[in-house]
Amino acid sequence: MTAAIDWEALRAAATAAMQKAYAPYSAFPVGAAALVDDGRIVSGCNIENASYGVTLCAECSLVSDLFMSGGGKLVAFTCVDGHGNTLMPCGRCRQLLFEHSSSGMLLQTVSGIKTIDEVLPDAFGPRTLEEYR
Ligand code: THU
Numbered sequence: 168m169t170a171a172i173d174w175e176a177l178r179a180a181a182t183a184a185m186q187k188a189y190a191p192y193s194a195f196p197v198g199a200a201a202l203v204d205d206g207r208i209v210s211g212c213n214i215e216n217a218s219y220g221v222t223l224c225a226e227c228s229l230v231s232d233l234f235m236s237g238g239g240k241l242v243a244f245t246c247v248d249g250h251g252n253t254l255m256p257c258g259r260c261r262q263l264l265f266e267h268s269s270s271g272m273l274l275q276t277v278s279g280i281k282t283i284d285e286v287l288p289d290a291f292g293p294r295t296l297e298e299y300r
């Protein structure tokens, strides 16, 4: 599956999403895109708010797109800033992505391709809760 990932297509989708960002307060537009396990590409942009803390990160909007377009698990992910450079998902967004990750999900990072487990080690997630049921 790794070899089949079209990172260029994902970057193009993330860049197109970034261009739709609503970021009047930070002037820091972000776009994110991911490959889903059925071959779809989902994407999202950051959507800020006058009440700053209410801002939705691009990954938030991507997860909405994932569900609104049929669900599934994320296989590969990339995120870009306003210059089209790779951006790391913030901590909260790593958690968001982890919830919907396929096993071994890959992320394009500022230090190369990494797995979701590398960017969020020893994560708290759905399986943790299962252990307490
Ligand atoms: N931002 C994202 O959209 N995703 C991240 O993972 C990092 C931060 C946005 C939130 C805010 O609109 C802007 O970047 C500056 O923090």
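Okay, so the sequence shown: first residue is 168 according to the working numbering, each after it adds one. C-beta: ideal position from N, C-alpha, C; glycine also.
Option in the options with minimal Cα separation from residue i
i    : options                   : result
A184 : V221, C227, Y219 and I172 : C227
T182 : V209, Y219 and V247       : V247
T253 : D232, I280 and H267       : I280
E285 : A188, G271 and L296       : G271
A211 : S218, F244, L273 and D205 : With the sequence shown as reference, residue 211 is identified as Gly, and Ala is not the correct amino acid for it. That would be F244, whose Cα lies nearest to the Cα of G211.
L263 : T276, I283 and H250       : I283
A217 : D173, C257 and P191       : P191
T276 : S269, C257 and R294       : C257
Beta-bridge pairing of residue i - partner residues as DSSP gives them
i    : result
S268 : L241
T253 : V247
C212 : G198
The ligand THU heavy atom lying under 7 Å from the CB of residue i
i    : result
S218 : no
S210 : no
V197 : yes
P191 : no
E226 : yes
Under the three-state DSSP convention, the category residue i falls into
i    : result
T222 : coil
L273 : strand
I283 : helix
A171 : helix
Y192 : coil
V203 : strand
C227 : helix
G292 : coil
A217 : coil
Below-8 Å beta-carbon distance, residue i vs any chain B residue
i    : result
T253 : Looking at the structure shown, chain B is missing, and only one protein chain is on hand.
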